[in-house]
Amino acid sequence: MQFLAPDMLWLLLLVPVLIGAYLFAQRRRARYALRFSSLALVKDALDKRPGMRRHIPPALFLSGVALMLFAAARPFGVITLPKEQATVILSIDVSGSMRANDMKPTRLEAAKAAARAFVALQDPQTRIGIVSFSWNANVVQAPTTDRELARAAVDRLVQQQSTAIGSGILTSLDAIFEKPNTPTPRLNDPLTAATPTPTPVPRGTLAPATIILLTDGQNRTGPSPITAAQTAADRGVRVFTIGVGTAEGATIQGGGGFGFRAVLDEATLKRVAAITDAKYFHASDETALLTIYQNLAKGVVVTQEKEESTVLFTALALLFLLIGGALSLFWFNRLP
């Protein structure tokens, strides 16, 4: 729990002072009663004393005061709510390694099937965009609420060469903020190595948007995925990452009988997710991949809002004060 006026919490120090004053008054009253009463009167008073019941109204009264002082600090909590009119970008690796058949029929086809399931489960008001990346990245489908267009875009994904994870993130951001396709820099290319960095804005000030990025390899070209993730974080966009394959890698057969090894860089994917306050998932088979996309479909589009609870604590304080006062009048014909 957090507070809009935390300095007011110092007022809670008055509570132990009030408790001490009450205990002092009780002892003083007992001494006076013994000093000015005859033995017979004291015995009669002891037989009729209310016992612990006499402390209940003051305890309720002090609890009400404590709650009132606590409410003065204006407590609030941050709650997570589903958000309509959100944007989700499915950024999918279409590099050559995605033709590996350790997922049936291939990694790419398994990813496409999972993406189609994700599209089907999303709220009708959610805008879905499709981005593919290999040696560069392209917006296959701009964000849309038309599910047929989104599914058709997934069906159009085809394999290419190399892997540019950073380009996949930056192009997804362009799609979210409705910028046209722009060339992404190649790794170690002196002519295009500098990528314009957008001006950061406070997180949460823009419409809620999320990127779900799937890859089975390492970043081999284009901008740094870490730098791209920081750009996404500056705009309040979370990047959920999904790794396909294993850290040991798999040998993929290429043309002419030559093969190459695809190695999953989990460390980078985990950092990208952490930087953007998202999560990393690993899929070892097509069933796990489908489950990941289905679970993300249920809760990925959310927003966080402050919910002040001052009124709740104030109402509770008044309730304690009223009950304490009512019991005191009913039992002893006086207020605490």
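With the working numbering, you'll find the sequence shown wraps up at 1522, consecutive numbering, no jumps. Glycine is no exception: its CB is placed at the ideal position from the N, C-alpha and C atoms.
CA-to-CA distance, Asp1193 to Ala1469, given in whole angstroms:
As a first step, residue 1469 must be located in the sequence shown, where it is residue number 283. As a first step, residue 1193 must be located in the sequence shown, where it is residue number 7. Spanning the two alpha carbons is a distance of roughly 48 Å.
State whether the stretch 1294-1302 contacts the stretch 1324-1332, with contact taken as three or more CB pairs (one from each stretch) at a distance under 8 Å.
They do not touch, by the three-pair rule.
Going residue by residue through the stretch 1240-1289, where are the continuous alpha helix (DSSP H) segments of at least 4 residues, counting only ones entirely within it?
You should have 1242-1258.
Put Leu1513 into one of helix, strand or coil per three-state DSSP.
As a working mapping, residue 1513 is identified with position 327 in the sequence shown. It is helical.
Close-in-space but distant-in-sequence residues of the same chain around Leu1513 (CB under 8 Å, 5 per side omitted):
Indexing the sequence shown from 1 puts residue 1513 at position 327. The residues Ile1242, Pro1243 and Leu1246, in chain order, have a CB closer than 8 Å to that of Leu1513 in the same chain once the five nearest residues on each side in sequence are set aside.
Length of the line joining the Cα atoms of Thr1496 and Thr1407
Your numbering for residue 1496 matches position 310 in the sequence shown. Your numbering for residue 1407 matches position 221 in the sequence shown. Taking the straight line joining both Cα atoms gives about 53 Å.
According to DSSP, simplified to helix, strand and coil, what is Ala1395?
What you label residue 1395 is simply residue 209 of the sequence shown in a count that begins at 1. Of the three classes helix, strand and coil, the one that applies to Ala1395 here is strand, per DSSP.
State the beta-bridge partners of Glu1494 as determined by DSSP.
Here the question's residue 1494 lines up with position 308 in the sequence shown. DSSP lists Phe1262 as partners of Glu1494.
For Phe1319 and Val1280, which I take to be in contact (beta-carbon distance under 8 Å), what is that distance rounded to the nearest angstrom?
Here residue 1319 corresponds to residue number 133 of the sequence shown, with the count starting at 1. Here residue 1280 corresponds to residue number 94 of the sequence shown, with the count starting at 1. About 7 Å; that satisfies the 8 Å criterion.
To the nearest angstrom, how far is it from the Cα of Ala1277 to the Cα of Leu1400?
By one-based count along the sequence shown, residue 1277 stands at place 91. By one-based count along the sequence shown, residue 1400 stands at place 214. Note that residue 1277 is Ser in the sequence shown, not Ala. Taking the straight line from one Cα to the other gives about 6 Å.
Own chain, CB closer than 6 Å to Leu1198, minus 5 neighbours either side, in chain order:
For this step, residue 1198 is matched to residue 12 along the sequence shown. Only residues of its own chain outside the window of five on either side were considered, and among them Leu1255 have a CB closer than 6 Å to the CB of Leu1198, listed in chain order.
Between Asp1309 and Gly1511, what straight-line distance do the alpha-carbon atoms span, to the nearest angstrom?
In the sequence shown, the residue the question calls residue 1309 occupies position 123. In the sequence shown, the residue the question calls residue 1511 occupies position 325. Distance between the alpha carbons of Asp1309 and Gly1511 is about 52 Å.
Buried/exposed call for Gly1206, threshold 16 Cβ in 10 Å
As a working mapping, residue 1206 is identified with position 20 in the sequence shown. Exposed.
Suppose contacts are defined by Cβ-Cβ distances below 8 Å. Is Leu1253 in contact with Leu1475 by that definition?
Looking up residue 1253 in the sequence shown gives position 67. Looking up residue 1475 in the sequence shown gives position 289. No, Cβ-Cβ distance for Leu1253 and Leu1475 is not below 8 Å.
Straight-line Cα distance separating Met1187 from Arg1285:
One-based indexing of the sequence shown puts residue 1285 at position 99. One-based indexing of the sequence shown puts residue 1187 at position 1. Arg1285 and Met1187: Cα-Cα distance of roughly 49 Å.
One question on the structure: do Thr1462 and Ala1418 come within less than 8 Å of each other, judged by their Cβ atoms?
Counting from 1 along the sequence shown, the entry for residue 1462 is found at position 276. Counting from 1 along the sequence shown, the entry for residue 1418 is found at position 232. Cβ distance < 8 Å, so Thr1462 and Ala1418 count as in contact.
Taking Cβ positions, are Ala1303 and Gln1480 nearer each other than 8 Å?
Mapped onto the sequence shown, residue 1303 falls at position 117. Mapped onto the sequence shown, residue 1480 falls at position 294. Contact flag set, yes.
Where DSSP assigns a beta bridge to Gln1188, which residues make up the other side?
In the sequence shown, counting from the first residue as 1, residue 1188 sits at position 2. DSSP output for Gln1188 lists Phe1262 as bridge partner(s).
Return yes when the Cβ of Phe1516 is within less than 8 Å of the Cβ of Leu1482, no when it is not.
Residue numbering aside, residue 1482 sits at position 296 when the sequence shown is read from its first letter. Residue numbering aside, residue 1516 sits at position 330 when the sequence shown is read from its first letter. The answer is no: Cβ separation not under 8 Å.
Counting only the same chain and skipping the five closest in sequence on each side, list residues whose C-beta sits under 8 Å from that of Ser1410.
One-based indexing of the sequence shown puts residue 1410 at position 224. If we look at Ser1410 and ignore the five residues flanking it on each side, its Cβ neighbours are Gly1352.
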